[in-house]
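Have a look at the structure below before the remarks.
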Amino acid sequence: MSQKTLVEVKDLTVNFYTYAGVVEALDGVNVSLREGEILGLVGETGSGKSVTSLSVMMLVPPPGRIEGGSIYLETSSDEKDVLLMDDSTLRSMRGKDISMIFQEPRAYLNPVYNVEDQIGEILLVHRKPEFLKNAVASLENKKKSRTFEANNYRRMLRSPKSLSTRFLQRFGSKKNLKAEVRKEVVKVLKSVEIPDPDRVADMYPHELSGGMAQRVLIAMALACNPKVLIADEPTTNLDVTVQAQILNLVRQLKKDYNSSILYITHDLGVVAQLCDRVAVMYAGNVVETGDVFEIFSGALHPYTRALLESIPRPGQGFRSIPGIVPSLIEPISGCRFRDRCAYAMEICQKVKPPFVELKKGHFAACYLYGGSQ
Amino acid sequence: MSYLLQVRNLKKHFPIAGGVLKRSVASVKAVDGVTLDVLKGECFGLVGESGCGKTTLGKTVLRLYKPSMGHIFFGAPNDAVSEITNLEATNPKSRRLRRLREQYDISMYRGRDLLLLRRKMQIVYQDPTTSLDPRMLVKDIVGEPLIAQGIAKGEEAKKMVVEMLDRVGLSERALYRFAHEFSGGQRQRVAIARALVSRPDFVILDEPTSAVDVSVRAQLLNLFTDLQKEYGLTYMFISHDLSIVECISHRVAIMYLGKIVEYSTTEEIFQKPLHPYSQALIASVPVPDPSQRKERAPLTGEVPSPVDPPVGCRFHPRCPLAMSVCKQKEPLLIDAGNQHYVACYAVNRENS
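Quick mapping for you: the protein sequence lines, in order, are chains U and P. Be aware that the first sequence starts at 482, since it is given in my numbering, and climbs by one per residue. Be aware that the second sequence starts at 346, since it is given in my numbering, and climbs by one per residue.
Okay, here's the thing in structure tokens:
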């Protein structure tokens, strides 16, 4: 399979400059996302899953700073390295080429706007000319092509940034443009299997249940048909039955639009059910990546194996990983997993293990499999 | 086998105030007629989706809420319980019934009785960040039940606190620290120490591991099983994570919209669930094995509002087996053989 790579993160380093010290959140992360696949990014709290995904959209919040590495993103613009993009390129990239859904859908929806306004906003930011054209066409159909409204739309199409447009577009009705946007909003809501989309479009976030709000967020993310979707623990706070519905929806999206999805989760069950490939993160490093079947049947890195063993299975007791996740302020030298690892060797203390391909398409960073320099 | 906790037809309704006069216009029927027995020394799992009333049931059993209706017996002799149920049916106004209930039914307890009861029943909450006072030292957090109960104070209390902290895996150094100085798993250990320091018989664990990571989760679950053996505790384990419940519980009850729809031993429930809701719930759990993929969501729709639950069986709008009788009459929780209780017309023919 020679699939196109849509996202390629190389040696990404991110630090957070806090009062307590410099938190080395990401320490040379390598991840790639291919066309039409679901990549599961697994790890515990604080392992850097979310920071990785936020970096791809250049949304790392201060006091975080991207210190090094490169992020390649397949976009419609000329610039392909996210780290070198200017603000306006970034703005047009976010939502159109790549978009994101989050863990707590209701926290990411604006409580004072209804669903139609919020989805409509994205549509108007990225696809305004399209809607203006449709609105003009519908006015022409109604034999009202010479009204102020129609002229206004034409003006907005012709010279969207001119002073006169910016002044005049405030006046007059925009009924037809709104009607076009609403049509599209309802269509998008329908595509995420929301029952009665016409009614939901008029609802406010507090009126939606958790599962419904997550669907709205997914609809919002898909409004401009991005090629890459980042899902940051989208089902963590949902019930299992609703989770199963959302997982199904994600699967359907992959099938229908051939979109690539970076799915962040800590639930290995979800990974097994949904993903094509898996990347396991620990304390700011990707320690292993590989095909989902390979990871579940023949994991190489001791951390991945410990993680798989900690899945509760009836009649076997609960196996835990000894110790706790290390602090990322002045982290330990060498391999960051070494003081919880049963196989730690001398070299693990000194040099960080390189991330190498051990089998075809199966990468791991561990000295157990040679590579002792 | 003796019962530690017996709950009979327990209801907890929360009024909704409305109108100009803020009168009660409707009520949220969070727990709506629950009957269950918890055996001494077992771990009783309570499973359900969010909003089904499992936490309310737990809090009502502890008398943190006043029940709207029903009985809760805690460590009551069996003959007293059966006499009360008999009298309730035959002579609900008798003085004997009233006296018995005041003695045994903890839903009637007040004042000092309730205080003494608290020593025997404790709870560990879901999120230790919010359930521990950020301005109290660990010494005071864990020592507070001792002082409130009048069990010990001063140096003696401190000694007991240190002993308890040691038992849950925290050192003496934790004494003079605040909750925010610990990691999530350690914080939950402080909460466990606080619950166990007064040596209760019965502990409700309300989603105690949903706020911690997978690797820490196993440590806590092991701690729970060890402590249960050591102190002879009885647990009620409330959770929405079925894989944990399957591993830790002896018996499991499945709740839907304020009612228990099925309960039996863990093996029975997970190996051959009878109620369509239980089947869907268990099938929804993602199996951590990529070769066992399920490409279909077993259940559509969402949980209806507990303000106005569906008439008849509460699950009928989402049930694949719904019949006409399900829309009219509520099914009773009946033994389908082998101590496996189910409330479903499709399973229990004699129910109708």
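Note that beta-carbon positions come from the ideal geometry of N, C-alpha and C, so glycine has one too.
For residue i: DSSP bridge partner residues
i: N766/U; result: Y763/U
i: S560/P; result: Answer by DSSP bridge pairing: none, since S560/P is not bridged.
i: K491/U; result: S551/U
i: Q467/P; result: V548/P
i: D714/P; result: Absent from the model: residue 714/P. The displayed extent of chain P is 346 to 697, so no value can be given.
i: D377/P; result: K356/P
i: F629/U; result: According to DSSP, which records beta bridges pairwise, F629/U is partnered with nothing at all.
i: A598/P; result: L391/P, Y608/P
i: N496/U; result: E505/U, R546/U
i: D511/P; result: Answer is none; D511/P lacks a bridge partner.
i: E579/P; result: According to the sequence provided, residue 579/P is Thr. The question's Glu does not apply to it. Partner(s): F547/P.
i: G521/U; result: Y744/U, V759/U
Listed by chain order, chain U residues near residue i by CB distance under 8 Å
i: N354/P; result: Ordered by position in chain U, no residue passes the 8 Å Cβ test against N354/P, which lies about 27 Å from the chain.
i: E387/P; result: None at all; the shortest Cβ gap to chain U is about 16 Å.
i: D634/P; result: A753, F777
i: L644/P; result: T722, A725, Q726
i: N335/P; result: Only positions 346 to 697 of chain P appear in the structure, and residue 335/P is not among them; the question remains open.
Simplified DSSP state of residue i, which is helix, strand or coil
i: D680/P; result: strand
i: D679/U; result: helix
i: Q854/U; result: Only weak support exists for where Q854/U lies, its pLDDT of 45 falling under 50; the coordinates are left without a value.
i: E394/P; result: coil
i: T554/P; result: coil
i: V540/U; result: Per the sequence shown, the amino acid found at residue 540/U is Leu instead of Val. Three-state result, L540/U: coil.
i: H747/U; result: coil
i: A846/U; result: coil
i: Y521/P; result: helix
i: T526/U; result: coil
i: F419/P; result: strand
i: M482/U; result: Bear in mind that a pLDDT of 48 at M482/U, under 50, signals an unreliable position, so the model cannot answer this.
i: Q351/P; result: strand
i: E714/U; result: coil
i: I361/P; result: strand
i: F836/U; result: coil
i: A688/P; result: coil
i: M436/P; result: Reading off the sequence, residue 436/P comes out as Asn, not Met. Coil.
i: D737/U; result: helix
i: S697/P; result: Bear in mind that the predicted position of S697/P carries a pLDDT of just 48, short of 50, making it unreliable; the figure below should be weighed with that in mind. Reduced to three states, the DSSP call for S697/P is coil.
i: L514/U; result: strand
i: R443/P; result: helix
Contact set between residue i and chain U, taken where Cβ atoms lie within less than 9 Å
i: I589/P; result: P793, F799
i: P631/P; result: V721, Q724, A725, L728, D748, L749, G750, V751, V752, A753, Q754, L755
i: C592/P; result: P793, R794, P795, G796, Q797, G798, F799
i: H585/P; result: D720, V721
i: S528/P; result: I805, V806
Residues that residue i contacts on chain P, provided the C-beta gap is smaller than 8 Å
i: V681/U; result: Chain P residues near V681/U: none, gap ~13 Å exceeds 8 Å.
i: R732/U; result: E640
i: F774/U; result: P635, S636
i: L849/U; result: Those do not exist, as L849/U stays about 20 Å from chain P at its closest Cβ, beyond 8 Å.
Within chain P, partners of residue i - CB distance below 7 Å
i: E525/U; result: D558, V559, S560
i: G692/U; result: E647
Residues that residue i contacts on chain P, provided the C-beta gap is smaller than 9 Å
i: I802/U; result: V559, S560, V561, A563, Q564
i: I810/U; result: What I810/U touches in chain P: nothing, since even the nearest Cβ is about 14 Å away.
i: L781/U; result: The contacting residues do not exist; L781/U stays about 16 Å from chain P at best.
Neighbouring residues, chain U, relative to residue i (Cβ below 7 Å)
i: S516/P; result: None at all; the shortest Cβ gap to chain U is about 14 Å.
i: N394/P; result: Note that residue 394/P corresponds to Glu in the displayed sequence, not to Asn. Simply D720, T722.
i: L626/P; result: V721, T722
Beta carbon of residue i nearer than 9 Å to that of residue j
i: E394/P; j: H585/P; result: yes
i: A556/P; j: V506/P; result: no
i: D508/U; j: P812/U; result: yes
i: L666/P; j: A691/P; result: yes
i: T579/P; j: L350/P; result: yes
i: T717/U; j: L728/U; result: no
i: P631/P; j: V751/U; result: yes
i: L755/U; j: R732/U; result: yes
i: R522/P; j: L477/P; result: no
i: A616/U; j: E665/U; result: no
i: I552/U; j: V490/U; result: yes
i: S528/U; j: A764/U; result: yes
i: D377/P; j: K604/P; result: yes
i: A702/U; j: I582/U; result: yes
Contact list for residue i against chain C, beta-carbon separation under 8 Å
i: L788/U; result: Chain labels in this structure do not include chain C; the protein chains are U and P.
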